[in-house]
Every structure is written in C-alpha cells, then in structure tokens.
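**Q**
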Amino acid sequence: MSDLEKHFSEYFIYFYEVMTYWSSLNNKVPEILRPISNQTEQLRLCSRAMLDTDFLMKFPDIKAKLIGKIHSNIEEEMVALDRLQEEVMTLADGLRSRLTSLEKAYSKYNRDADREFDPLTPVNENLLVYAEDIWRCFHTLWLGVQTAIETIDYFDDESIANISKAFLKYNQVETHLHGILDLTFNLRSS
773 MSDLEKHFSE
783 YFIYFYEVMT
793 YWSSLNNKVP
803 EILRPISNQT
813 EQLRLCSRAM
823 LDTDFLMKFP
833 DIKAKLIGKI
843 HSNIEEEMVA
853 LDRLQEEVMT
863 LADGLRSRLT
873 SLEKAYSKYN
883 RDADREFDPL
893 TPVNENLLVY
903 AEDIWRCFHT
913 LWLGVQTAIE
923 TIDYFDDESI
933 ANISKAFLKY
943 NQVETHLHGI
953 LDLTFNLRSS
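And the structure:
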C-alpha cells in the first residue's frame with residue numbers, strides 16, 4: 773500500500789467514525805434540548821407568577837430561589853450542550869487535519885502512474901474530490917451547530933429549535949455521504 777493509499781484509507785476510516793457518531797446525535801440532542809425547553813418554560817411561568825401575599829410572607833425568598841434553581845438547571849444542560857459542541861468541533865478538526873495531510877501526500881503523487889481502472893475503487897483524483905466534499909459537508913454542518921448554540925436565547929422556543937434543526941441538517945446530506953462510504957468501502961476494509 774502506497775503512502776497516498778494509506779492517507780486515503782485513514783481519512784475514509786475516520787470519516788466512517790464521524791458518520792457513526794453524527795448519526796448517534798439524533799438521540800443525544802433531543803435528550804439535552806427537551807430539558808432546556810422545559811426549564812425555560814418553567815422560568816417564564818415562574819417569572820410571571822403572581823403569588824399570594826400570605827404565601828410570600830411564609831416563604832419570603834421562594835420566587836427568587838425557584839428562579840435561581842431553574843437557572844442552575846438550565847446552565848447544567850448548557851454545559852452538556854457545550855460538551856457536545858466541543859466533541860463535534862474535535863471531529864471536524866480531525867477531518868480537516870487528515871484532509872490536509874491527504875492533500876500533501878496527493879501533491880507528491882505522480883498522477884501519470886495512477887493505477888489501472890478498477891470498478892471497485894475510484895481513481896485517486898476522484899477520491900480526493902470525495903474527501904474534499906466530505907469536509908465541506910461536515911464543516912457546513914459544524915458551522916450551523918456552532919451558530920445555533922452560540923446564539924441561543926432561553927426565552928425563545930425558536931432559538932432552542934434552531935439547535936435541533938442544525939443537527940438535523942445532517943439528514944439532508946446523509947444519502948450523499950453514505951454513497952461516498954459505499955464507494956470507499958474497499959479503502960476502509962483493506
């Protein structure tokens with residue numbers, strides 16, 4: 773196996789791992805966003821609640837304590853969301869660094885010595901195009917997730933839904949990415 777083939781193999785194996793992880797996010801993201809949505813609804817209701825004066829005399833700081841507790845719960849969920857964002861960023865960085873080393877290896881490669889046509893394995897030029905296409909897809913997905921998380925507004929349900937939508941944009945490119953996985957199966961299994 774040549775150096776270039778090793779880089780291709782490494783890249784597409786890592787791409788498979790990224791695809792597997794991203795697919796698992798379909799279950800993780802709602803588990804994080806549902807509590808945030810519930811807590812923000814409680815925060816809105818508690819902030820607007822008019823409590824009976826007799827009740828407030830018995831428990832003078834109850835409203836402030838309750839709002840503080842809800843804020844604390846929201847922050848815990850936001851920490852989980854930030855952790856998820858860091859994991860996705862690490863995956864995107866891993867793809868990028870592998871693509872960079874792949875491009876360096878490809879620049880040293882003699883294109884005239886390209887192997888003969890093999891219907892099971894695309895030529896190196898096409899593999900490089902696939903690798904760049906994969907990077908563009910995941911970079912676009914990552915930017916959408918990053919923007920949605922950084923612009924979250926607790927009091928806006930649409931803002932919370934935007935995070936879910938950013939992760940679900942993966943479904944729009946999933947078929948295309950699976951096609952690339954199918955085309956590169958031999959590289960990943962060698």
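FYI, in this note's numbering the residues of the sequence shown are 773 to 962.
Glycine included, every Cβ here is placed at the ideal spot set by N, Cα and C.
None of the values given here were measured: they were computed from a predicted structure.
(1) Do Lys-941 and Leu-900 have their C-beta atoms within less than 9 angstroms of each other?
(2) So, with DSSP's three-state summary, where would you put Asn-896?
(3) Less than 9 angstroms separating the beta-carbons of Gly-866 and Tyr-786?
(4) Apply the 10 Å Cβ neighbour rule to Phe-831 and answer buried if 16 or more other Cβ atoms are within range, or exposed otherwise.
(5) Thinking just about the alpha-carbon of each residue, which of Asn-845, Val-895, Phe-910 is nearest to the one in Leu-955?
(6) Beta-carbon within less than 7 angstroms of Lys-876's beta-carbon, same chain only, minus the 5 sequence neighbours each way: which residues are those?
(7) Between the Cα of Asp-929 and those of Ser-796, Glu-789, Tyr-902, Glu-813, spot the shortest distance and give me the residue it belongs to.
(8) Whole angstroms are fine: how far does the CA of Gln-811 sit from the CA of Ile-921?
(9) May I have the straight-line CA-CA distance separating Glu-847 from Ser-931, to the nearest angstrom?
(10) At the level of alpha carbons, what is the spacing between Glu-904 and Ser-961?
**A** On the basis of the coordinates in this document:
(1) no
(2) helix
(3) yes
(4) Exposed, by the Cβ-count rule.
(5) Comparing Cα-Cα distances from Leu-955 to each of Asn-845, Val-895, Phe-910, the minimum goes to Val-895.
(6) No residues qualify anywhere along the chain.
(7) Glu-813
(8) 17 angstroms
(9) 16 angstroms
(10) 21 angstroms
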